[in-house]
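Enquirer: Input: one structure, supplied below.
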Amino acid sequence: MQKIKSLMTRQGLKSPQDSIHDLSPLENFRIPSKEELRELREQPTDPQAQQEIINSIEEIYFSNDSFDIVKYELEQLPTVLSLQELEEYRDKLKQQQAAVSKKVADLILEKQTAYVKELERVTSLQTSLKLAAVICTNGRRHLNSAKEGFTQASLGLLANQRKRQLLVGLLKSLRTIKTLQQTDVRLSEMLEEEDYPGAIQLCLECQKAASTFKHYSCISELNSKLQDTLEQIEEQLDVALSKICKNFDINHYTKVQQAYRLLGKTQTAMDQLHMHFTQAIHNTVFQVVLGYVELCAGNTDTKFQKLQYKDLCTHITSDSYIPCLADLCKALWEVMLSYYRTMDWHEKYDHGESPSSDGNNILDTEETNFDRSYVKKKLEHGLSRIWQDVQLKVKIYLLGTDMSNFKYDDFIFVLDIISRLVQVGEEFGGSKSEVLQDSIRKQSVNYFKNYHRTRLEELRMFLENETWELCPVKSSFSILQLHEFKFMGQSRSPTVSPSKQPALETEGDLTLFEQYRNGGNPFEIQANNKDDETEDVLASNGYESDEQEKSAYQEYDSDSDVPEELKRDYVDEQTGDAPVKSVSRETLRTRKRSDYCLNKVNAPILTNTTLNVIRLVGKYMQMMNILKPIAFDVIHFMSQLFDYYMYAIYTFFGRNNTFESTGLGLSSSRLRTTLNRIQESLIDLDVSSDVAGTLTAVEERKEKVPMPHLSHLVVLTSSNSLYGLAERVVATESLVFLAEQFEFLQSHLDTVMPPAKKPFLQQFYSQTVSTASELRKPIYWIVAAKAIDYEQMLLQMANMKWDVKEIMSQHNIYVDSLLKEFEQFNKRMNEVSKRVRIPLPVSNILWEHCIRLANRTIVEGYANVKKCSNEGRALMQLDFQQFLMKLEKLTDIRPIPDKEFVETYIKAYYLTENDMERWIKEHREYSTKQLTNLVNVCLGSHINKKAKQKLLAAIDDLDRPKR
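What follows is the structure, given as structure tokens:
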């Protein structure tokens, strides 16, 4: 190693260590330029590989600055040198040096910006020091000139002038101090005038002035007093802010907001305002309820004031419940209206706009956007919070009293008030008022169950005492004329006083807050107007006036209205035979008068009970219209009213165990299903049982009503009255009329029914309401079955001889007897029509039933014949044709019911063996007896015994599935 050093010395080369020491002075150090550093950094290298190279450098190289690198490397050389190994080791050292150099370059480049800034700061400091040196030099030169130029007298004048200026300043300060001490009086006056912005402005100016003269001992006490005054102003300002919650005044609120802005506490004011609104809601409801509780108790005992609001609500009596609720809502409305007007103020005037024309209430235009955004979000968030407080207070009041025994009108009034409150909530904060609606729904369902149960019992009493007399209503009667349905034509709540209700034509789209912002209250109670409750629906008598009836009869007595075809003789359209008898003018008049009686006036047929049910429906709909969440319960109870009424009509007039035995299909499967459903779900058939059952059974029986019983005053067994036809018509047609009114209300019910429950409503209409008219058939069938003596006709037919040998030209006497029965039936029906209008569908059903029964009786009579010849069958046809010809003069029903039923049976006598077998299989409408008799009568004429056995076997096969 020494040889290498000496060799380097002889050649004039410096060692690497010496080279490093030569670069140590600062003046010889050159910082690489950015371009050089960037070139080093931009050399393509692998960062991970570079880091591995740096990590491979021995720790001793980083030990200290005195470390001799050259010496250390020379000592590491092996004893025997190898050129290849030296070159490889040299390349390794170069890689390590290059990695370290690049790392250093990266670090230097990162600190380059900071270095440049620091260098600029040092340069600027040097410039400032040079300027300061110049200023000091000039100042010393000027002082030297003054020392040489001024005299002692001149300096005295300057001193006196200085003293004068100090004294003038002192005098000004004393005057300012005197003014500050007199500000207390002015501050008090401004607070009394509620000029909070002016008082705060004056107080802040005084504090600023006091801080200027704080070196005076008298000012320290004044400054403390001003601080106390400012705190007092803040307290009064908070009280003034609380007044906004009940009676918002725009000028008052503007002053309060200006004062808070001068204090720099706009956000604090919003927080305090919401606290005041919450407290105002609590204090308001408590004071209102407390006032009524003390009034009901007759004293002002302090024990009520110590109660919680929830406990206080339980002391409200039924008589004071509604007035207290109305006052409660009115008071809460004032709080919410104040909040609404507060928001409106910030929307209009919180952007520098003055709310008054005098220009004295200009807002601070330096308010930050952050404060405005905070105020806006706070006010919007407060909507839901305040409405939630209102809901909870009203909910506690609603649930504090059991309203199940309230009168209907009183409960409707409560619902009406709550409905208006829900509307207020929707407009106030866009809330659906779930809390409020859930509480009133609980009360409504509880009340309505008891109310409905009582109404069903009353309906049963009405039905059992109903004599089924016609209720005289005008021909123009409509359920909308009833007081209970007046709400369907009203667009405003009945609780709103007309004097406070804006004109709907001009302000129909305004919200409640817009309508009442300048006065009035949507919860003001309106006294019931008796004139509005009058109903002009009843006629002076059952029909129209006597003058109208007389005029109508005179009109029908005139021949001018008789159609020409009725004046002409009757001609059989089928046979073309000559008329048997001309229709007399008196007959035409009788028929015309009968038609008039059947159709005159067209006044609805209903009873007092029907009218009572309709009124109940109107009351139920009022409740449903006011509180739609209970719509399903109300409609369900409405359907029970209809079900019970329908079941009563069926029980009184239509129940008969022989319906289906006639084969007429009087009641459809849908009607039978409906009646069975009503009986199972609504009728309590075990009213006499006192055995206590399970809790579920007891609850189910509470939902049911005992079966009604027909009044003993209603007689249905007299032939003179056609077995109570008038009562049956009134009862049945009143049910049909009631069904029509339900059909009329369907669209309204559909709009309020919850979507999930609409299938119930559709099922009620399709399976119950629409089947009401189907009760006509079974009810009027009982009259038709008894009005004509069909048994007597069978006896007469049994005495007839049918095995005649020649064709007869004269019909049998039983036909005349049957026609006389029909004529008598027509007369008695006309007599009934003088009492009660018989609608055309009813008349048609009665005639249809009578004719069907007569035709089936004729077939039954023919089936009883033991012997019959071909001439006898011709006589049967003659009898039936004679019956049809004269029957068509008595009724307008076309075609004659069951005409083919008789004719087909008569003609079957002439069928051959094969044709008869096929005919028997195709005509299952005939009974086994009738078919068997037909085969027996044909035996011996054109059917032998073998054929007879075959046909009887076919009949037996038809009858077997029925067994």
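So the sequence shown is numbered by our numbering: it starts at 55 and just counts up by one. The C-beta atom is built at its ideal place from N, Cα and C for all residues, glycine as well.
(1) I believe residue 779 touches residue 886 by the beta-carbon criterion, under 8 Å. Please report the beta-carbon distance rounded to the nearest angstrom.
(2) Step through the CB atoms of chain B and report whether any lies within less than 8 Å of the CB of residue 693.
(3) What residues are listed by DSSP as bridge partners for residue 760?
(4) For the alpha helix (DSSP H) holding residue 835, just list the boundary residues, first then last.
(5) Check the DSSP bridge columns for residue 592 and list the partner residues they point to.
(6) Kindly indicate which three-state DSSP category residue 1004 falls into: helix, strand or coil?
(7) Closest to residue 319 by CA distance: which of 927, 251, 505, 340 is it?
(8) Give the range of the alpha helix (DSSP H) segment to which residue 403 is assigned.
(9) Can the beta-carbon of residue 950 be found less than 8 Å from the beta-carbon of residue 1012?
(10) What three-state label does DSSP hand residue 120 in the structure shown?
(11) Under a three-way DSSP split, which group does residue 571 fall into?
(12) Quick check on residue 576: does DSSP put it in helix, strand or coil?
(13) Is the separation between the beta-carbon of residue 46 and that of residue 783 shorter than 8 Å?
(14) Do the stretch 658 to 666 and the stretch 466 to 482 make contact, defined as three or more Cβ pairs closer than 8 Å?
(15) Closer than 8 Å by C-beta to residue 384: which residues in its own chain qualify, once you throw out the five before and the five after it? Chain order, please.
(16) Over what stretch of residues does the alpha helix (DSSP H) that includes residue 812 continue unbroken?
(17) So, at 6 Å on beta carbons, what are the nonlocal neighbours of residue 854 in its own chain, with the 5 sequence-adjacent residues on each side left out?
(18) With a cut-off of 8 Å, do at least 3 Cβ pairs link the stretch 792 to 806 to the stretch 760 to 779?
(19) Could you spell out where the alpha helix (DSSP H) holding residue 502 opens and where it closes?
(20) I need the boundaries of the alpha helix (DSSP H) containing residue 101, first residue and last residue.
(21) Which residues in the same chain have their Cβ closer than 8 Å to the Cβ of residue 395, if we skip the five residues on either side of it in sequence?
(22) Tell me where the alpha helix (DSSP H) around residue 773 begins and ends.
(23) In terms of residue numbering, what span does the alpha helix (DSSP H) encompassing residue 150 cover?
(24) Check each candidate in 877, 508, 868 and name the one with the smallest Cα separation from residue 841.
(25) Distance, Cα to Cα, residue 166 vs residue 172?
(26) Roughly how many whole angstroms lie between the Cα atoms of residue 491 and residue 683?
(27) Quick check: the Cα distance between residue 789 and residue 695, rounded to an integer number of angstroms?
(28) Quick one: using the 10 Å Cβ neighbour count with 16 as the cut-off for buried, is residue 762 buried or exposed?
(29) Look at the alpha carbon of residue 290 and the alpha carbon of residue 675, and state the distance between them as a whole number of angstroms.
(30) Rounding to the nearest angstrom, what Cα-Cα distance links residue 927 and residue 697 in this structure?
(31) Looking at C-beta atoms only, is the number of pairs between the stretch 664 to 671 and the stretch 452 to 459 that lie closer than 8 Å three or more?
(32) Taking 8 Å as the threshold, find out whether the stretch 156 to 163 comes into contact with the stretch 117 to 128 through three or more Cβ pairs.
(33) Between residue 901 and residue 890, what straight-line distance do the alpha-carbon atoms span, to the nearest angstrom?
(34) Grouping DSSP H, G and I as helix and E and B as strand, with all else coil, what is residue 303?
(35) Tell me which same chain residues have a C-beta within less than 8 Å of the C-beta of residue 1009, skipping the five on either side of it?
Expert: A quick look at the data gives this:
(1) Walking along the sequence shown from the start, residue 779 turns up at place 725. Walking along the sequence shown from the start, residue 886 turns up at place 832. With 8 Å as the limit, residue 779 and residue 886 qualify as a contact, their Cβ atoms being about 5 Å apart.
(2) The structure shown contains no chain B; it holds only a single protein chain.
(3) Taking the first residue of the sequence shown as position 1, residue 760 is located at position 706. Answer by DSSP bridge pairing, in chain order: 738.
(4) For the purposes of this step, residue 835 is identified with residue 781 of the sequence shown, where counting begins at 1. Run containing residue 835: 830 to 841, per the alpha helix (DSSP H) assignment.
(5) Mapped onto the sequence shown, residue 592 falls at position 538. DSSP, once it has assigned bridges, lists 527 as partnering residue 592.
(6) In the sequence shown, counting from the first residue as 1, residue 1004 sits at position 950. The answer is helix: DSSP assigns residue 1004 an H, G or I state.
(7) Along the sequence shown, read from residue 1 onward, the residue named residue 319 stands at position 265. For residue 319, the closest C-alpha among the options 927, 251, 505, 340 is that of 251.
(8) By one-based count along the sequence shown, residue 403 stands at place 349. Where residue 403 is concerned, the enclosing alpha helix (DSSP H) starts and stops at 372 to 403.
(9) Position 896 of the sequence shown holds residue 950. Position 958 of the sequence shown holds residue 1012. Their beta carbons are not under 8 Å apart, which means residue 950 does not touch residue 1012 by this criterion.
(10) Position 66 of the sequence shown, counted from the start, is the residue given in the question as residue 120. It is coil, neither helix nor strand.
(11) In the sequence shown, the residue the question calls residue 571 occupies position 517. Coil, per DSSP.
(12) For the purposes of this step, residue 576 is taken as the residue at position 522 of the sequence shown. Three-state result, residue 576: coil.
(13) Absent from the structure is residue 46, since the part of the chain shown begins at 55 and ends at 1017.
(14) Taking 8 Å as the limit for Cβ pairs, the verdict is that the stretch 466 to 482 does not touch the stretch 658 to 666.
(15) Numbered from 1 along the sequence shown, position 330 holds the residue referred to as residue 384. Taking C-beta separations shorter than 8 Å and ignoring five residues to either side along the sequence, the partners of residue 384 in its chain run 575, 577, 578, following chain order.
(16) Your numbering for residue 812 matches position 758 in the sequence shown. Judged by DSSP secondary structure, residue 812 falls within the alpha helix (DSSP H) whose first and last residues are 812 to 821.
(17) What you label residue 854 is simply residue 800 of the sequence shown in a count that begins at 1. If we look at residue 854 and ignore the five residues flanking it on each side, its Cβ neighbours are 866.
(18) The stretch 792 to 806 vs the stretch 760 to 779: no contact.
(19) Position 448 of the sequence shown, counted from the first residue, corresponds to residue 502. Membership of residue 502 in the alpha helix (DSSP H) is indicated by the continuous run 488 to 519.
(20) Sequence index remark: in the sequence shown, residue 101 carries index 47 (1-based). Run containing residue 101: 101 to 109, per the alpha helix (DSSP H) assignment.
(21) Numbered from its first residue, the sequence shown carries residue 395 at position 341. Same-chain partners within the cutoff: 302, 304, 571.
(22) To locate residue 773, count along the sequence shown from 1; it is residue 719. Taken as a continuous stretch (DSSP letters only), residue 773 belongs to no alpha helix (DSSP H), as it is neither H nor E.
(23) Translated into the one-based positions of the sequence shown, residue 150 becomes position 96. Taken as a continuous stretch (DSSP letters only), the alpha helix (DSSP H) holding residue 150 covers 137 to 203.
(24) Start at 1 with the first residue of the sequence shown, and residue 841 comes out as number 787. Ranking 877, 508, 868 by Cα distance to residue 841 puts 877 first.
(25) As a working mapping, residue 166 is identified with position 112 in the sequence shown. As a working mapping, residue 172 is identified with position 118 in the sequence shown. If I take the Cα positions, the gap works out to 10 Å.
(26) Counting from one through the sequence shown, the residue named residue 491 turns up at place 437. Counting from one through the sequence shown, the residue named residue 683 turns up at place 629. C-alpha of residue 491 to C-alpha of residue 683: approximately 7 Å in a straight line.
(27) To locate residue 789, count along the sequence shown from 1; it is residue 735. To locate residue 695, count along the sequence shown from 1; it is residue 641. Between residue 789 and residue 695, the C-alpha separation is close to 12 Å.
(28) The residue you call residue 762 lines up with position 708 of the sequence shown. Buried, by the Cβ-count rule.
(29) Stepping through the sequence shown from its first residue, residue 290 is reached at position 236. Stepping through the sequence shown from its first residue, residue 675 is reached at position 621. Going from the Cα of residue 290 to the Cα of residue 675 covers about 53 Å.
(30) Here residue 927 refers to the residue found at position 873 when the sequence shown is read from its first residue. Here residue 697 refers to the residue found at position 643 when the sequence shown is read from its first residue. Near 51 Å, if we compare the C-alpha coordinates of residue 697 and residue 927.
(31) At 8 Å Cβ cutoff, the stretches do not touch.
(32) No, the stretch 156 to 163 is not in contact with the stretch 117 to 128.
(33) Numbered from its first residue, the sequence shown carries residue 901 at position 847. Numbered from its first residue, the sequence shown carries residue 890 at position 836. If I take the Cα positions, the gap works out to 17 Å.
(34) Along the sequence shown, read from residue 1 onward, the residue named residue 303 stands at position 249. Correct three-state label for residue 303: coil.
(35) The residue given as residue 1009 occupies position 955 in the sequence shown. If we look at residue 1009 and ignore the five residues flanking it on each side, its Cβ neighbours are 974, 982, 985, 986, 989.
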